[in-house]
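Protein chains: 4
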Amino acid sequence: MSERVNVAVIGAGRIGRLHAGHLAHRIRGARLAAVTDIRLEASRQCAADLGVSKVFEDYRRVLDDAQVQAVVICSSTDTHASIIKDAAQAGKQIFCEKPIALDLKQIDQALAAVTAAGVKLQVGFNRRFDPNFRRIRELVREGAIGEPHLLRIASRDPEPPPMEYVRVSGGIFLDMMIHDFDMARYVVGDEVQELYALGGVRIDPEIGRAGDVDTAVVTLRFAGGCFGTIDNSRQAVYGYDQRVEVFGSKGMVTTENNTPNRTRLATDAAVREDLPLRFFMERYTESYLNEMNAFIQCIREDKDPPVTGADARVPVVMGKAARLSCEQNRPVALSEVS
Amino acid sequence: MSERVNVAVIGAGRIGRLHAGHLAHRIRGARLAAVTDIRLEASRQCAADLGVSKVFEDYRRVLDDAQVQAVVICSSTDTHASIIKDAAQAGKQIFCEKPIALDLKQIDQALAAVTAAGVKLQVGFNRRFDPNFRRIRELVREGAIGEPHLLRIASRDPEPPPMEYVRVSGGIFLDMMIHDFDMARYVVGDEVQELYALGGVRIDPEIGRAGDVDTAVVTLRFAGGCFGTIDNSRQAVYGYDQRVEVFGSKGMVTTENNTPNRTRLATDAAVREDLPLRFFMERYTESYLNEMNAFIQCIREDKDPPVTGADARVPVVMGKAARLSCEQNRPVALSEVS
Amino acid sequence: MSERVNVAVIGAGRIGRLHAGHLAHRIRGARLAAVTDIRLEASRQCAADLGVSKVFEDYRRVLDDAQVQAVVICSSTDTHASIIKDAAQAGKQIFCEKPIALDLKQIDQALAAVTAAGVKLQVGFNRRFDPNFRRIRELVREGAIGEPHLLRIASRDPEPPPMEYVRVSGGIFLDMMIHDFDMARYVVGDEVQELYALGGVRIDPEIGRAGDVDTAVVTLRFAGGCFGTIDNSRQAVYGYDQRVEVFGSKGMVTTENNTPNRTRLATDAAVREDLPLRFFMERYTESYLNEMNAFIQCIREDKDPPVTGADARVPVVMGKAARLSCEQNRPVALSEVS
Amino acid sequence: MSERVNVAVIGAGRIGRLHAGHLAHRIRGARLAAVTDIRLEASRQCAADLGVSKVFEDYRRVLDDAQVQAVVICSSTDTHASIIKDAAQAGKQIFCEKPIALDLKQIDQALAAVTAAGVKLQVGFNRRFDPNFRRIRELVREGAIGEPHLLRIASRDPEPPPMEYVRVSGGIFLDMMIHDFDMARYVVGDEVQELYALGGVRIDPEIGRAGDVDTAVVTLRFAGGCFGTIDNSRQAVYGYDQRVEVFGSKGMVTTENNTPNRTRLATDAAVREDLPLRFFMERYTESYLNEMNAFIQCIREDKDPPVTGADARVPVVMGKAARLSCEQNRPVALSEVS
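Chains as they are written, first to last, in my numbering: chain L, 5 to 342; chain C, 5 to 342; chain G, 5 to 342; chain V, 5 to 342.
As structure tokens, this is what we get:
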């Protein structure tokens, strides 16, 4: 366990640079070995900032590099599945940003390649590594609230993404609520059988013209009998709103939003607190670090990653079911789209 | 406006005695004139406690009493509609505990009698007079959160009612969630068009054998585009859980549970607060007083009551729609059952 | 225990009317028998509102009335001691608003009269009956925080009293901090040996010209080794600020201000809560009711009142010591002024 | 501004390793150039972990190194003053952990050397860089609370330091409350003229036998009229307690403790939150990073450091005054010991 794991980051966009920075300096047992990006300039800048000498345009160069043991895939979503297959065949350990693909067949092929190669795959559902949600999961698992009966998730972004993203993202259920579908399975510790989705355009008509909705509520029916609700909005003017609550036979656990400080100001008008942390880069700083630590530790200790192949696939199924439910205004069983 | 309003309380059970006590001493401008109960002993005890001399077994006696201007109907639900009709025909102002009836035709006949007689009718949706929920309503009405997009209500009792009540109450959607249906309309300020209900038996199989559920989630689609979710549980072990949140284009307003005190105890194990107030008699003390104050004030100032005939009827329609939705596992438009 | 206690209220000012209203209707086992006030019109109005027939200008009339068992003294402070003596000699049970007197000799004579007559005396330190502070006291007494080491009290009024009151009240340490001196002894459960006071004029120079301060901090040294601090301000623009914290060997207990509701509004500017309840009539509603309940119960069950003669005397000693300490800028032992 | 600042860390104990790690990887514009420690093994280990080649036993080696522009002094307190003098004479920019010395003459000589050399000196009062306290400072400076009238600081460690530390640290007022003296000046933005200290031994008699106290309360009188209280305990069983409150003519600002997560668990026993972060390494993580960022930025932009020479000296004066006040049980003016 004394050797450091050599890791290449594929894709030097915002999230790729974040992971690269962590791997370079803050993950014990890791070494940032290379950076690749189809925009060579992006990878060069990132590598220069972090003191890395190996920089490539083509990710295949790191797959051919025997010193590289693991890859962190942060390229655009449509490339994930094929890079996973290539990396698996090259025997690399794989961390991939979510989702693997929007197409289930592509996901299945990628997962099959991983299984065949016997490599590890961890998908970037970083929120599982957030201290708030992890604590909820622990308490539920320990039985602190007994049997889960009700789940509530509020998950609202501070502002809509650019329209060019909305047009290709797969829609709110697959680009945004997918995180909440993962969270629902994670904190309840059970699978969803059926869901019902409501969607509307309340924030920006342009989103509607692109065939998407910007406000949505999904009701979940879990196999074990728990019911859940998730709501999403593309625009919470007060900042990133990320709250989870699980209610059960012996109690309830709930979590508040993180704030930049814990001060309260009382004047003759009101008692005020500062707004929640603005967006995911501020709110989930720690979770990105934690998930990469977990990935590197799994490699070094040869353990199974904490986010499995099913964890990668099921939220996509749920996103597709939600979209269908919303279009047809009826409950949809996951088995219909799986 | 100087004269006090003479009020008779019909039905001296728990809620009747509460209203009688308020009318006797705490409502400015009211005078408790009489108490009636089909169990004469109950009304005698109540009247003796409050220094009232007129005590009857038959409520018709107070309808014949010219000095009595208003009646507060707290008898069993199945008697509400006919007493309303009788009281309206006798020209009395009417306060009636919810619901008027479980049958829509009976409700309509009662409301028609009220209209024909030109008397006032206020229904006991006391939660509208709770300082927390009233503040939410005010903020929404003032536009503090802009257009409402999402509503969330958690409404959970500390323990299930007696089985004899469960068997005749009309079920969780009509005996418990009816309050939340009223709350949904009240805080959002709009009408629901369609809903979808999930129900399960998680707490007591006996409730299931009685044909009811004890855990339920309902999703609401409002006419103006707002989506809402309500969850109910018959048993929150930590006490009465009554929280409402409205999210809109310009912000969000949310409310916490009331607690018996605001102390926090930090030890080497945890930071602890005392549990929420146990049940409705403790939690809604102030709202019961406020609603009766409002009723008396409407009489004295000849204004319309703040809870209208529609407010009395629509939640029953919603309860019936929820029951149907739950049985058939499909969204149900209110127009189907109205 | 079945008979109700006949009580006369002496002094029909704001606090007298409050107690009278409670005794008339809300204290089980009590009966408001008479109201007296040197301004006869004030007592007449109060009595009329509450349906009481006995109204007098001279309090001695109720002392002569064999039916009156107890008196509640709410007249001006300078009359308390002599009325207590008269009432004790007349064999009445006594509730007296704080303080008994600003002069220790007068207090001692009044207490001696009470002892000689064998009647009960309860002084109106109502905050002991506030649910927050009572809960702190309970937790400290139960040992939940171990041995008390540190006490912190913040006690700030929303606005200064009228200047005519400031000129005769005895100053901030005797008219305002006296409540906190009582609170300090109550929650810690120990006596103060020495204190040190800082006082300044920060809010209104007129207060300084009247020989008083409007901002003060007092440090307490308890016999058992606990240290305490109390701060007072005549003007907290955000409302009545009443917080207590006790820290000990096994933990800490602290309490927040009461608020009119528990709502939180998040906008793009801040997360806001409404201000604390404005002043003592709103904040301590429940405590006034509780203290009177306790007094009546002590009479009916022939028990000792929960606020003793020492409780009446010691805070005045502390107020005098604080004043001396502030004038001389040195620690003052209570034994110097006792 | 494009060149990175070469920094040597002197002293590779706990805090030295923390700063070294930050300088190596997390401070933009800095480069960790060397590590020195009189225990050579300690500096070797630290340097190896961080990929630094220059490792010395004697700090003078880095003063002679022309490439080193700045030093971060983390050696034992008794060496601070002389290293500052040497470093100043060598023309290095200086960051020094607090305090410079326990002897005022030594402090003055060190500050004089800094002034003579025209180098920068920043002292490690890291709490000024904590987001909570910085926000309080900002709000006070902006006038959000008007003129400061009252300050309250609670500052309690989770457990006492080792006895060997207690014996040489200078006592609670100089090793622990010194941070709070700095905080008091920082948030109020004014100087203290006089103080009064109470100290006791409540936690461990061994601390008393070493001539120190473990529980203390100090009252401050600021030049501008603000009053302040600080309490310290060597042992808060619930964890590190670090709270500040400033009350003024237009409002109040207060801050809560930081916690590892924002979850709340409600069961049939209580509503629980997890304990505050355990100690300074967890609580002040961000502040250590922020203070070093500020130091490097001052060098790069040739600005004055945000913590001045007076900031280094005054808290030591206050610590000495507090000790004297505690011994003599009387208020002590800072001018007596300055």
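Glycine included, each C-beta is placed from N, C-alpha and C at the ideal position.
Residues sharing a beta bridge with residue i, DSSP
i: Arg160(V); result: Ser237(V), Asp245(V)
i: Lys58(C); result: Ala38(C)
i: Glu277(L); result: Arg268(L), Val275(G)
i: Met167(V); result: Per DSSP, none; premise fails for Met167(V).
i: Asn10(C); result: Arg35(C)
i: Glu198(L); result: Arg225(L), Ala337(L)
i: Gly252(L); result: Pro152(L), Gly255(L)
i: Cys2(L); result: Given that chain L is displayed from residue 5 to residue 342, the structure contains no residue 2(L) and the question cannot be resolved.
Residue-chain proximity (residue i, chain C), Cβ-Cβ < 8 Å
i: Ile347(G); result: In the structure as shown, chain G starts at 5 and stops at 342, and residue 347(G) therefore has no counterpart that could be examined.
i: Asn262(G); result: yes
i: Thr289(G); result: no
Contact with chain L by residue i, beta-carbon distance below 8 Å
i: Thr356(C); result: Shown here, chain C extends from 5 to 342; a query on residue 356(C) therefore has no answer.
i: Asp235(C); result: yes
i: Arg35(V); result: no
i: Gly229(C); result: yes
i: Leu381(V); result: Outside the displayed range of chain V (5 to 342) lies residue 381(V), so it cannot be described from this structure.
Amino acids of chain V, ordered along the chain, whose beta-carbon sits closer than 7 Å to that of residue i
i: Tyr242(G); result: Gly255, Met256
Under 7 Å by beta carbon: chain C residues contacting residue i
i: Glu271(V); result: Sequence inspection shows Thr at residue 271(V); the Glu mentioned does not correspond to that position. What Thr271(V) touches in chain C: Val241, Tyr242.
Listed by chain order, chain L residues near residue i by CB distance under 7 Å
i: Ala274(G); result: Arg276, Glu277, Asp278, Leu279
Minimum Cβ-Cβ distance from residue i to chain G less than 8 Å
i: Pro335(C); result: no
i: Arg266(C); result: yes
i: Phe185(V); result: no
Sequence-distant residues of its chain with Cβ nearer than 7 Å to residue i (five each side left out)
i: Arg206(V); result: Asp218, Thr219
i: Lys89(L); result: Gln113, Ala114, Ala117
i: Ala94(L); result: Leu67
i: Asp315(L); result: Val127, Phe129, Asp186
i: Arg282(G); result: Pro162, Gly243, Tyr244
Contact with chain V by residue i, beta-carbon distance below 8 Å
i: Thr219(G); result: yes
i: Pro103(L); result: no
i: Pro135(L); result: yes
i: Phe344(G); result: Because chain G spans 5 through 342 in this model, residue 344(G) falls outside it and cannot be assessed.
Neighbourhood of residue i by C-beta, 8 Å cutoff - its chain only, sequence neighbours within 5 removed
i: Met256(V); result: Ile149, Glu249, Val250
i: Cys330(C); result: Phe177, Ala201, Leu202, Gly203, Val217, Ala220
i: Thr40(C); result: Ala12, Val13, Ile14, Gly15, Ala16, Ser47, Val59, Phe60, Glu61, Asp62, Tyr63, Arg65, Val66
i: Arg30(V); result: Leu293
i: Glu340(G); result: Ala325, Leu328
i: Gln73(L); result: Val9, Asn10, Val11, Lys96, Gln97, Ile303
i: Asp288(C); result: This sequence places Tyr at residue 288(C); Asp is not what is there. Closer than 8 Å at Cβ, skipping near neighbours: Asn130, Arg131, Asp134.
Beta-carbon neighbours of residue i, restricted to chain G and to distances below 8 Å
i: Ala148(C); result: Leu269, Thr271
Closer than 7 Å at the beta carbon, the chain G residues around residue i
i: His153(V); result: Arg206, Thr219, Ser237
Neighbouring residues, chain V, relative to residue i (Cβ below 8 Å)
i: Thr223(G); result: Tyr200, Leu202, Val221, Thr223, Thr233
i: Arg156(G); result: Arg156, Ala158, Thr233, Asp235
Integer-rounded CB distance, given that residue j should sit under 8 Å from residue i
i: Asn262(L); j: Thr267(V); result: Incorrect: roughly 11 Å between the Cβ atoms, too far for contact.
i: Asp194(L); j: Glu290(L); result: Asp194(L) to Glu290(L), Cβ: 26 Å. No contact.
i: Glu125(V); j: Gly313(V); result: Correcting the residue type first, residue 125(V) is Leu in the shown sequence and not Glu. The Cβ separation is near 6 Å, so the contact holds.
Contacts of residue i in chain L (Cβ-Cβ under 8 Å)
i: Arg145(C); result: Those within 8 Å of Arg145(C) in chain L number zero; the least Cβ separation is about 18 Å.
i: His29(V); result: Ala28, His29, Arg30
Contacting residues, own chain, Cβ-Cβ under 6 Å from residue i (five flanking each side not counted)
i: Gly323(G); result: Phe177, Leu178, Ile182
Chain-ordered chain V contacts of residue i [CB-CB under 9 Å]
i: Thr259(L); result: Asn265, Arg266, Thr267, Arg268
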